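To keep things clear, I will list the structure first and then write my remarks on it.
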Amino acid sequence: MGLAGWKTGGPSPFLTERARARAPRILSYAAAPGAAMLVSPAGDVALFSGAALELDLARVARAASALGATRELASFHVGDACAHVATVCHGWTLCVVSTAGVHPSFVIERLRRASAVFAMALLDGSAGGSGSHGDTGGGGAPAEALAFPPRSPSRARSRSIARREHS
């Protein structure tokens, strides 16, 4: 889903092209257990990914926005599914609707990671002249590199060797 996936009819909330390009991939990552939506501060669905056709997405988005404004993480039932909400930043919230019977801890961990990356994407390039969020450099913050660092095979191997030596 590219920029055509924006539902608000307004401009994308992401300030750089790189952040706009990454948004659908981040949302797809969060949507693995069912569906995910990025909810605007007004309570509208800005971006959606996944399969939850039987749900009233507008109602879920309003509930997610209200809960996300009061807590960092929240959960609620939506019919037979469970919705989990995380605050992103500037009033934006990320909501994951779990329809696949996946354990909540797995869903919440994906939600936390995705919301952290969305926060970086929303702030990517925002320093400009305002200085409100600090300078991230010429191209903005490499959000995926910071949130999901690749595991080093040699580091994992050295941990395995160290465990065997202590046994």
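At position 124 of the sequence shown (counting the first as 1) the number is 475 in our numbering, and the numbers step up by one without a gap.
Quick reminder that beta carbons are idealized off the backbone N, C-alpha and C, glycines included.
Fair warning: this is a prediction, and the values are worked out from it, not measured in the lab.
Secondary structure of Ser-426 (DSSP, three-state): strand. If you check the CB distance, Cys-440 and Ala-387 do not come in under 8 Å. If you draw a 10 Å sphere on the C-beta of Gly-430, you find fewer than 16 other C-beta atoms in it, and that means exposed. Between Leu-406 and Phe-399 the beta-carbon gap is near 10 Å, outside 8 Å, which marks them as no contact. The continuous beta strand (DSSP E) containing Ser-400 extends over residues 396 to 401. Residue pairing by DSSP places Val-447 opposite Ala-387 and His-435 in a beta bridge. Membership of Pro-455 in the alpha helix (DSSP H) is indicated by the continuous run 455 to 474.
Distance from the CA of Ser-426 to the CA of Ala-434, rounded to the nearest whole angstrom, comes to 6 Å. Per DSSP, the unbroken alpha helix (DSSP H) holding Pro-375 starts and ends at 368 to 381. The Cβ atoms of Ala-372 and Asp-475 do not sit closer than 8 Å to each other.
The shortest C-alpha to C-alpha distance from Arg-410 to any of Tyr-380, Leu-424, Ala-451 and Val-390 is the one to Val-390. Within the same chain, Ala-437 come within 6 Å of Leu-424 by CB-CB distance, once the 5 residues on both sides are set aside. Closest option to Pro-384, judged by alpha-carbon separation, among Val-468, Ala-467 and Leu-462: Leu-462.
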